[in-house]
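One structure is given below, encoded as structure tokens.
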Amino acid sequence: MNNAFDCLKSIVRMGQFGLIILFSLLLANCKSAQIPKHLEKSLSSTFYEPQFTGLMVYNPRTKDTVFNHNAERYFTPASNTKIFTLFTALQYLPEKIPAFKYAVHQDTLIVRGTGDPSFLHPYFKDSTALEFMKNFKAIKLVTGNYCNEKFGPGWAWEDYDTYFSPERSAFPMYGNVVTISNTDDLKTYPEFLRAQTTYTLMDKRRDFNANNFYYKLTRTNSTEVPFVLDTTIVKALWNDLLPDKVEFIPFTTAKTDQILHSVPSDSLYKRMMHVSDNFLAEQILILASSTISDTLDADTIRKSILENQLKDLKQKPKWRDGSGLSNYNLFTPLSLVQVLEKLYAEIPRERLFNFFPAGGESGTLKNWYAGENGPYVFAKTGTLSSASTLSGYLLTNSGEVLIFSFMNNNYNTSTNKVKEHMQAVLEYLRDNY
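Going left to right, the sequence shown walks through residues 118 to 550 as our numbering numbers them.
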């Protein structure tokens, strides 16, 4: 009390300037009190009544919680899961992606996959591994070092032929998809799979459990279709690249302690976050596991990160995959804000914000959250059936950076309507904080 009284006396002695300071402090306190009331009123409107909504807003500079609405409750995060995957990658992976581990015995190259998804990927089209392999007379490729299922737990089985659900593997090729286009004629990437691709009038893109691919006659753009990673196609694809060179072995006693690197890691992270690439997210966790063991196991790396770098999370998530495709995932807004705060503290701001879609400019936010003076939101979207989430960083007009996680589940309206209401809330924060 004495300190407050002395402070007030000092302000009075300062005269008019002191009154200006006092008025500014009172105005700031008034605005700070108004923000939670306004946001609570917004989230109590009839629009939000039928659904389940959580929002946490945090100021990393002052360490203040600006707003908390159901932030300790668990939600289906959808692709907000990729924020945890990004954090994991930044903890474990080097500046360039490990393409594979290897050992050389005379003129033979012994290769152990690391899960690198960039190898001949339709976007990256990286051929580092291929060019290196061409220097050897024989290649022995270890096949027994991957111990997860090809699909994640809780994934929808009917997505087997969709671009966002390729199989996971130790040594992906072409993104584990065939890219089909129809310019002057039907074309495929890899070209080798053209013989197994035909036109159709149906909507299906591939037979359920066989590598027969289809391109709908009425399509005008290219499409990516996952292929079944059976022994036949894997051997055929490698033989097409390196005829009669590649032998598959289940295990090896050779010490594969040398590492070949491929693309810059940041390019992989940016692509994963900007277009919400599920395949890259899954393979990034596999890659991270390769840095602690020769056995590739995404489950192990998730357990490791939660028990070590993220052991201080106030609510431990139920984290079942790297992409957020799984309906088994459960995260709280608070845990997402905690991870975003760690990233903000550890990664330079320019580099960090470059990983996230920018409102009105890039990736999945290109058509949302556009500011008059440039992006004010840098955040990761997440969308599943009746789940729409957004978590990241918000720049206010006053120059503050706020960390937020906005999660909506179990709604029975259009996702665009949910996004419109989220945008109204974030614009209010931008203009009034």
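Note that beta-carbon positions come from the ideal geometry of N, C-alpha and C, so glycine has one too.
query	result
Residue(s) in a DSSP beta bridge with Q375	Y219
Selected residue, minimal CA-CA separation from V454, among N197, Q168, S161 and E166	N197
Meets three-Cβ-pair contact criterion under 8 Å: the segment 417-426 and the segment 492-504	no
Assigned secondary structure, T364 (DSSP; H/G/I helix, E/B strand, else coil)	The amino acid at residue 364 is misidentified as Thr; the sequence shows Glu. Here E364 sits in strand by DSSP.
Proximity to P381 [Cα-Cα], best of I401, K154 and Y528	I401
Neighbourhood of L385 by C-beta distance below 7 Å, restricted to the same chain and skipping five residues each side	I214, S235, L397 and I401
As assigned by DSSP and simplified to three states, the class of T532	helix
P289 - DSSP class collapsed to helix/strand/coil	coil
One or two residues paired with V342 in a DSSP bridge	V295
Own chain partners of H238 with C-beta closer than 6 Å, once the 5 adjacent residues on each side are dropped	G292
Assigned secondary structure, R552 (DSSP; H/G/I helix, E/B strand, else coil)	Here the chain covers residues 118 to 550 and nothing more, so residue 552 does not appear.
Residue span of the beta strand (DSSP E) that contains M173, given as start and end	F169 to N176
Touching by the beta-carbon criterion (3+ pairs, under 8 Å), the segment 155-163 and the segment 507-526	no
Sequence ranges, beta strand (DSSP E) only - wholly within the segment 242-293, length at least 3	255-259
Coil, strand or helix - H101 by DSSP	It is not possible to answer for residue 101, since the shown part of the chain is limited to 118 through 550.
Among N326, L451 and I200, the one whose alpha carbon lies nearest that of K431	L451
D414 to E489 span [Cα, whole Å]	45 Å
Local conformation of K321 per DSSP, three classes	coil
Backbone secondary structure at A312 - three-state DSSP	helix
Close-in-space but distant-in-sequence residues of the same chain around F404 (CB under 7 Å, 5 per side omitted)	The sequence as given places Leu at residue 404; Phe does not occur at that position. Excluding positions up to five away in sequence, the list reads L210, I214, P215, T231, G232 and D233.
The segment 296-316 contacting the segment 331-350, beta-carbon criterion three pairs below 8 Å	yes
D320 versus K333: straight-line alpha-carbon distance, rounded	7 Å
Neighbourhood of A353 by C-beta distance below 8 Å, restricted to the same chain and skipping five residues each side	F309
T498 in three-state terms, based on DSSP	strand
Residues of its chain near P474, where Cβ-Cβ distance is below 6 Å and the 5 sequence neighbours each way are ignored	H391, G480, T481 and L482
Residue environment, E275, which counts as buried when at least 16 other CB atoms sit within 10 Å	exposed
Closest by C-alpha distance to G509, when choosing among K372, R322 and Y175	Y175
Cutoff 6 Å; reference V173; Cβ partners in own chain excluding five residues on either side	Rather than Val, the amino acid found at residue 173 in this sequence is Met. Correct list, in chain order: N185, A188, P450, L451, V454 and S522.
Rounded Cβ spacing between N446 and P194 (contact assumed at less than 8 Å)	5 Å
C-beta contact flag for Y280 and Q375 at 8 Å	no
E248 versus E517: straight-line alpha-carbon distance, rounded	48 Å
Under 8 Å between C-beta atoms of R285 and N262	no
Y331 in three-state terms, based on DSSP	strand
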